[in-house]
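J.:
There are 2 protein chains.
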Amino acid sequence: MAEAKIRAAIVGYGNLGRSAEKLLAQAPDMELVGVFSRRDSLDTDAPVWSTDDFAAKAEAKEFDVALLCLGSATDMPSLAPEYAKHASTVDTYDNHNDVPRHYEAMDAAAKAAGTVAIVSTGWDPGMFSLNRVYAQALLPGGEQRTFWGPGLSQGHSDAVRRVEGVKKGVQYTLPDETALDKARNRQAADLTGYNTHARQVFIVLEEGADAEAIKKEIREMPDYFAPYENVEINVIDEETFDAEHTGMPHGGHVITAGDTGGFNHTIEYVLKLERNPDFTAAVQIAYARAAHRLKEQGQSGAFTVLEVAPYLISPTPLTDLIARDV
Amino acid sequence: MAEAKIRAAIVGYGNLGRSAEKLLAQAPDMELVGVFSRRDSLDTDAPVWSTDDFAAKAEAKEFDVALLCLGSATDMPSLAPEYAKHASTVDTYDNHNDVPRHYEAMDAAAKAAGTVAIVSTGWDPGMFSLNRVYAQALLPGGEQRTFWGPGLSQGHSDAVRRVEGVKKGVQYTLPDETALDKARNRQAADLTGYNTHARQVFIVLEEGADAEAIKKEIREMPDYFAPYENVEINVIDEETFDAEHTGMPHGGHVITAGDTGGFNHTIEYVLKLERNPDFTAAVQIAYARAAHRLKEQGQSGAFTVLEVAPYLISPTPLTDLIARDV
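Protein sequence lines, in the order shown, are assigned to chains S and X.
Counting from 1, position 96 in the first sequence corresponds to residue 96 in full-length UniProt numbering; the numbering is continuous, with no gaps.
Counting from 1, position 248 in the second sequence corresponds to residue 248 in full-length UniProt numbering; the numbering is continuous, with no gaps.
#1: Where does the unbroken alpha helix (DSSP H) through K111/X begin, and where does it stop?
#2: For a minimum of 4 consecutive residues, which ranges assigned as the alpha helix (DSSP H) are wholly contained in the region 119–190 of chain S?
#3: On the DSSP letters alone, give me the boundaries of the beta strand (DSSP E) that I284/X sits inside.
#4: For a contact meaning CB atoms closer than 7 Å, what does S129/S contact in chain X?
#5: With a threshold of 8 Å between beta-carbons, can residue 327/S be considered close to chain X, or not?
#6: Can you pull the chain S residues whose beta carbon is under 8 Å from the beta carbon of I23/X, in chain order?
#7: In three-state terms, what does DSSP make of K61/S?
#8: Give every residue of the same chain whose Cβ lies closer than 6 Å to the Cβ of N276/S, excluding the five residues on either side of it in the sequence, and list them in chain order.
#9: In the DSSP output, which residue or residues are listed as bridge partners for I267/S?
#10: Below 7 Å CB to CB, which residues in the same chain sit around R186/X once its five sequence neighbours on both sides are set aside?
#11: Identify the contact partners of G141/S in chain X, using a Cβ-Cβ distance below 9 Å as the criterion.
#12: Taking only beta-carbon positions, decide if K272/X is within less than 8 Å of chain S.
#13: Are there 16 or more other CB atoms within 10 angstroms of the CB of Q297/S, so buried, or fewer, so exposed?
#14: What are the boundary residues of the alpha helix (DSSP H) that includes M76/X?
#15: Assuming the contact rule is C-beta atoms closer than 8 Å, T92/S and T280/S should be a hit. Round their C-beta distance to whole Å, please.
#16: Taking P81/S as the query, report the chain X residues whose CB atoms sit under 9 Å from its CB, ordered along the chain.
#17: Tell whether a beta-carbon distance below 8 Å holds between L32/X and I10/X.
#18: Less than 8 Å between CB atoms is the rule here; does P222/S satisfy it with respect to chain X?
#19: For D45/S, which residues in chain X fall below 7 Å Cβ to Cβ?
#20: With a threshold of 8 Å between beta carbons, is Q136/S in contact with chain X?
#21: Does the beta-carbon of R145/S have 16 or more other beta-carbons within 10 angstroms, so that it is buried, or is it exposed?
#22: What does the alpha-carbon distance come out to for the pair R39/X and S50/X?
#23: Contact between the region 78–87 of chain X and the region 113–124 of chain X is defined here as three or more beta-carbon pairs at a separation below 8 Å; is this criterion met?
#24: Tell me which residues of the region 292–318 of chain X have at least one Cβ-Cβ distance to chain S shorter than 8 Å, keeping chain order.
#25: Which chain X residues sit within Cβ distance under 7 Å of N264/S?
#26: Is there a Cβ from chain S that is less than 8 Å from the Cβ of M1/X?
#27: I'd like to know whether the C-beta of Y13/S is nearer than 8 Å to at least one C-beta of chain B.
#28: DSSP three-state call for G34/S: helix, strand or coil?
#29: If you draw a straight line from the C-alpha of M1/S to the C-alpha of Q26/X, how long is it?
#30: Is the beta carbon of V238/X sitting closer than 8 Å to the one on V201/X?
#31: In whole angstroms, what is the alpha-carbon distance linking T74/X and K272/X?
#32: Mind checking whether A80/S and L68/S have CB atoms under 8 Å apart?
#33: Any idea what DSSP makes of V235/X, helix, strand or coil?
#34: So with Cβ pairs under 8 Å, would you call L70/X a contact of chain S?
#35: Could you tell me which chain S residues have their CB closer than 9 Å to the CB of D181/X, listed as they occur along the chain?
#36: For P222/X, count neighbouring C-beta atoms within 10 Å of its own C-beta (all shown protein chains included) and say buried if the count is 16 or more, exposed if not.
See below:
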């Protein structure tokens, strides 16, 4: 008899939610049972449930785990703990500095409810966090650097699009090849986040907008662009933009180099992703599997990816993994 | 008050044991308290203990965890379960096909004794196993390949040196660059273990040995060389050998590429190691930390790296890891 599939619900139906829907169909041991949304109708064949009914659906055990596909800016910090009071959840909260606070809030909610909340999955935070911790544990005192791209930066693209006179805009982050090599050879001491990456902007202007003024405004934007050594801003026409700049590629490198007494050792983890929300959803789905299993084991509370034993995210049984992959 | 350091003992004092001794001195939270050996005296400043006294030293709680630095050929399978009956252990058993049997034997010994045995750490098995499992869990149905090198293969070097007339010999394994690119782009279907790697041999001959006969014997050695498409055998003089071929570099790639509906995603984990036993020992030490912590948590039995939550191998407290690395 086949084991029952893990019944997943999606909360929120933006890019991430749609990727999660697509990839749940590829998961051998999981199924999508419903999409919670604040909207009345969605372009999906899955059952659409009102977010107002989350507690009732959870109470009625209509799903096992909820994939919170909410924006990190405001929805996730305010809403996620409410969901964790009723069901096991897995989120992709990516505001790095705020993760400890979010983890505590989710832990309190999940412990009180007897649910499991896995927080900040995805690839950074997520797989990159894991690799930072693994590599530092192996090479204590080693030099570690994270590089992002080549890829579309959602936050920086949003910032560019908020500039008045910008009709369409994207921002790509590109790691500097020389910087990558320095990191691999423990020569990264002089590297900062500001000289290891180039930021490349493509914008389409509203009619009559002042290109030079807009370029200047972007270049001088605090935090986003001002501190970076290498910023390139390209004004292009709308046709070119639509043809070449609507994909969502991303990726990056975590490079750790350490010395063991005259011998250099380099650990490098590289992601090349043609569609960022797809890969983020792929990680989220794997940790949804783990959340359900931890709950079934009788655990409760919040977990980061650092606290989840690797085999728990795999659809393959442990004994098969040991025989095949160890 | 500083927490007490984890007291590690080393069993076996070959290349791996000596690397473990060197690297334990770099571990902020561990200390080496003794080296168990069958030999009376070793070239070490650490206390040297007879392996006959292992049970008594364990009983007297003179150490917390034993790093088994034994050969995988015969010592590890026969001796490791005996050690696990008395103390928590961490080993680097690398006979992939035999890991399930070893795991069961260690589990029985460790469960009966209330100890923890972490098996098959190192980098392959070990970190590569972890990365195979993580990547397959994220990209189910993806294509996965492991490449080794450029690096010295111990097993193949030993095989070369067993050939009569060979005075000194090493074998380097080199991944094929074209094969690496194929694996990154899901074009690896036609790749086998035999056409993805070149095997490069350097030998010094005994006086009067027949070079052509020896080359033929190596080339036709079953399993080791016969099935490989690209084997290069170089006869060199002893001076060159001693100058250029006494290092122990190694490394490799685990490449996983998966499709999410028209979009390719590549996960690549790369190790470049200037000294193979140093890195193997570094992994073993990190998992020794985890073995001790699992034991302190009241757990017992055998664990593979797949079953150990990542934070348990880090010297840094979990709350600091969450704040720094997630």
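Yeah, the Cβ is synthetic: ideal placement off N, Cα and C, and Gly gets one too.
T.: Reading off the structure:
#1: Residue range V99 to A113 is occupied by the alpha helix (DSSP H) that includes K111/X.
#2: Qualifying alpha helix (DSSP H) stretches, in chain order: 127–138, 154–161 and 177–184.
#3: Rather than Ile, the amino acid found at residue 284/X in this sequence is Gln. Following the DSSP letters along the chain, one finds Q284/X in no beta strand (DSSP E) but inside the alpha helix (DSSP H) bounded by residues N276 to E296.
#4: D325 and V326, listed in chain order.
#5: Within the shown structure, residues of chain S are numbered from 1 to 326, placing residue 327/S beyond reach of any answer.
#6: One detail in the question is off: residue 23/X reads as Leu in this sequence, not Ile. Under the 8 Å cutoff, chain S gives T260.
#7: In the structure shown, K61/S sits in coil (DSSP, three-state: anything other than H, G, I, E or B).
#8: Same-chain partners within the cutoff: M248 and H250.
#9: Bridge partners of I267/S: T256/S and L271/X.
#10: Result list for R186/X: E143, A257, D259 and N264, in chain order.
#11: For G141/S, the C-beta contacts it makes with chain X under 9 Å involve Q26 and P28, in order along the chain.
#12: Judged by the 8 Å Cβ criterion, K272/X is in contact with chain S.
#13: The residue is exposed, with fewer than 16 neighbouring Cβ atoms inside 10 Å.
#14: Start and end: D75 to A84.
#15: Cβ-Cβ separation between T92/S and T280/S: approximately 6 Å, consistent with a contact (criterion under 8 Å).
#16: Near P81/S there are no residues of chain X at all, since even the closest Cβ is about 17 Å away, more than 9 Å.
#17: Contact: yes.
#18: It does not; no Cβ of chain X falls within 8 Å.
#19: Neighbours of D45/S in chain X, taken as residues at a C-beta separation under 7 Å, are lacking, since the least C-beta distance is about 15 Å.
#20: Chain X contact via Cβ: present.
#21: With 16 or more other Cβ atoms from the protein chains shown falling within 10 Å of its own Cβ, R145/S counts as buried.
#22: Approximately 7 Å between the Cα atoms of the pair.
#23: Contact between the region 78–87 of chain X and the region 113–124 of chain X is present: 3 or more CB-CB pairs across the two stretches fall below 8 Å.
#24: Here the close residues are T304, V305, L306, E307, V308, A309, P310, Y311, I313, S314, P315, T316 and L318.
#25: Ordered by position in chain X, the residues that pass the 7 Å Cβ test against N264/S are E274.
#26: At M1/X, the pLDDT of 48 sits below 50, so the modelled position is not reliable; the number obtained from the coordinates is stated separately. Output row for M1/X: interface = no.
#27: Looking for chain B here will not work: the only protein chains present are S and X.
#28: In this structure, G34/S counts as strand in the three-state DSSP scheme.
#29: Here M1/S scores only 48 on pLDDT, less than 50, and its place in the model is too uncertain to base an answer on.
#30: Note that residue 238/X is Glu in the sequence shown here, rather than Val. With respect to the 8 Å criterion, E238/X and V201/X are not classified as neighbours on the basis of their beta carbons.
#31: Straight-line spacing of the CA atoms in T74/X and K272/X works out to 28 Å.
#32: With contacts defined by Cβ atoms closer than 8 Å, A80/S and L68/S form a contacting pair.
#33: Strand at V235/X.
#34: No, because no Cβ of chain S sits closer than 8 Å to the Cβ of L70/X.
#35: Result: empty, since nearest Cβ-Cβ is about 12 Å, beyond 9 Å.
#36: Taking all protein chains in view, the Cβ of P222/X is surrounded by fewer than 16 other Cβ atoms within 10 Å, so the residue is classified as exposed.
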